[in-house]
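In this note's numbering, the protein residues as written are 8 to 431.
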């Protein structure tokens with residue numbers, strides 16, 4: 008079955024923006040991370056992020072995410088107070104709500120609650136968190152640091168559809184009242200989440216007399232006494248058991264349990280129980296009737312304290328991690344600094360060797376030039392000698408012939424002398 012989600016936004020007032028996300032066919036969501044549509048608050052793009060099966064926990068996880076954090080300018084940050092609500096569609100007062108505040112930045116672009124609502128409680132058929140397999144998520148965002156407006160009471164009492172219906176009833180009542188002439192003034196009371204539509208038109212009464220007021224309240228007391236519900240001792244014990252069960256829980260667990268509606272009924276039963284052995288004073292009864300709100304306040308404060316503590320722990324963890332990283336970077340910096348000095352020393356030695364090699368090269372180049380010059384001179388001399396050699400060869404050939412002629416003449420003379428000598 009396809010997942011269908013509907014998203015709408017509205018301004019509660021100038022400072023607070025409300026966003027409603029209804030996820031149909033919630034059980035069919037198979038992705039680990041599920042995002043809402045993008046919405047704008049104070050110029051930033053936001054979206055709701057949920058983990059339907061939990062972010063590595065057996066709880067529904069919910070966060071507010073800056074949708075375009077990767078494209079924002081370097082060093083950006085944005086403060087926001089955020090209220091999350093998973094609405095009980097059968098009884099809005101038992102809705103699970105949590106409030107946090109955070110300075111969003113590039114390192115922490117999403118913020119919220121990993122353990123928001125246990126999956127067991129989310130799928131509890133006696134609750135209205137999944138009504139007809141539809142989950143209703145509400146998020147309230149305020150970016151003004153000077154205000155602290157969002158709370159559990161604010162969220163559960165802000166039912167916009169009901170407000171619009173009451174406004175319509177209010178307008179209709181005014182129109183109907185204008186059609187019927189009357190001499191009494193009519194006051195139109197702005198609708199509030201705790202006010203029913205029948206209370207929107209208030210007729211201002213005439214100034215009552217003392218005797219009339221006494222008679223009215225005496226009659227009212229008698230009427231209420233006769234119609235008062237009588238609770239049995241077993242019902243009172245059951246109510247006490249619920250109260251003790253709640254008191255044996257930690258305030259944080261009670262805040263997450265969604266049992267305040269049952270507690271309210273239990274305190275009311277206890278306050279209205281009368282018997283000969285139990286005589287509660289009016290002060291005690293009033294205190295009992297106010298204990299549900301008191302416990303709710305304490306639970307909210309405890310949850311806020313735990314949240315602040317968790318936030319501090321997370322910040323300290325980040326600080327420790329960054330400190331360790333800085334220390335390791337510092338150690339590496341010193342190592343690199345030492346290595347740079349070693350390389351500088353190697354370069355200095357190499358520079359000396361290069362200088363010596365350069366000198367040797369220059370000397371060799373000079374020697375090469377000298378050899379070139381001497382060879383060139385010798386070649387010129389050799390060429391001149393070649394020419395002289397050709398002349399000498401011609402002269403030597405003539406000389407050889409002359410030598411033969413001389414030898415022949417020499418022999419003739421020798422022979423001549425020998426002949427002379429023989430005659431003597």
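Note that the Cβ used here is the ideal one computed from N, Cα and C, for glycine as well.
Residues in the same chain with beta-carbon distance under 6 Å from residue i, minus the five sequence neighbours each way, listed in chain order, please.
i	result
residue 429	none
residue 182	Summary for residue 182: the model assigns pLDDT 41, below 50, so the residue's position carries little reliability; its value from the coordinates is reported in the next sentence. Around residue 182: no qualifying Cβ.
residue 258	305, 306, 309
residue 387	none
residue 338	none
residue 333	none
residue 171	Confidence in residue 171 is poor, its pLDDT being 46 and thus under 50, which makes the residue's placement unreliable; the coordinate value appears in the next sentence. Around residue 171: no qualifying Cβ.
residue 341	none
Considering just the uninterrupted stretch of the beta strand (DSSP E) at residue i, what are its terminal residues?
i	result
residue 52	51-58
residue 469	Absent from the model: residue 469. The displayed extent of the chain is 8 to 431, so no value can be given.
Tell me which residue opens and which closes the alpha helix (DSSP H) that residue i is part of.
i	result
residue 381	289-430
residue 253	240-254
residue 262	258-264
residue 127	126-129
Take residue i and list the residues in its own chain whose beta-carbon comes closer than 7 Å to its own, dropping the five residues that flank it on each side.
i	result
residue 299	267, 270, 271, 274
residue 84	110, 111, 112
residue 116	72, 73, 76
residue 329	none
residue 418	none
residue 130	137
residue 320	none
When the distance is taken between beta carbons, is residue j closer than 8 Å to residue i?
i	j	result
residue 33	residue 141	yes
residue 102	residue 66	no
residue 314	residue 150	no
residue 145	residue 94	yes
residue 287	residue 253	no
residue 152	residue 86	yes
residue 3	residue 89	The question about residue 3 has no answer, for the chain in this structure spans 8 to 431.
residue 143	residue 61	no
residue 433	residue 135	For residue 433 there is no data in the structure shown, the boundaries of the chain being 8 and 431.
Run through the DSSP bridge pairs and tell me what residue i is partnered with.
i	result
residue 216	In DSSP, residue 216 forms no bridge with anything.
residue 112	84
residue 70	56, 119
residue 42	56
residue 103	93
residue 23	149
residue 227	BP columns for residue 227 are empty, so no partner.
residue 154	DSSP lists no partner for residue 154.
residue 137	142
Assuming the contact rule is C-beta atoms closer than 8 Å, residue i and residue j should be a hit. Round their C-beta distance to whole Å, please.
i	j	result
residue 277	residue 295	5 Å
residue 70	residue 56	5 Å
residue 138	residue 96	4 Å
residue 162	residue 104	5 Å
Which residues in the same chain have their Cβ closer than 8 Å to the Cβ of residue i, if we skip the five residues on either side of it in sequence?
i	result
residue 157	23, 88, 89, 90, 106, 147, 149
residue 220	none
residue 52	45, 46, 73, 74, 75
residue 394	none
Is any beta-carbon of chain D found at less than 8 Å from that of residue i?
i	result
residue 393	Protein chains in the displayed structure number just one, and chain D is not present.
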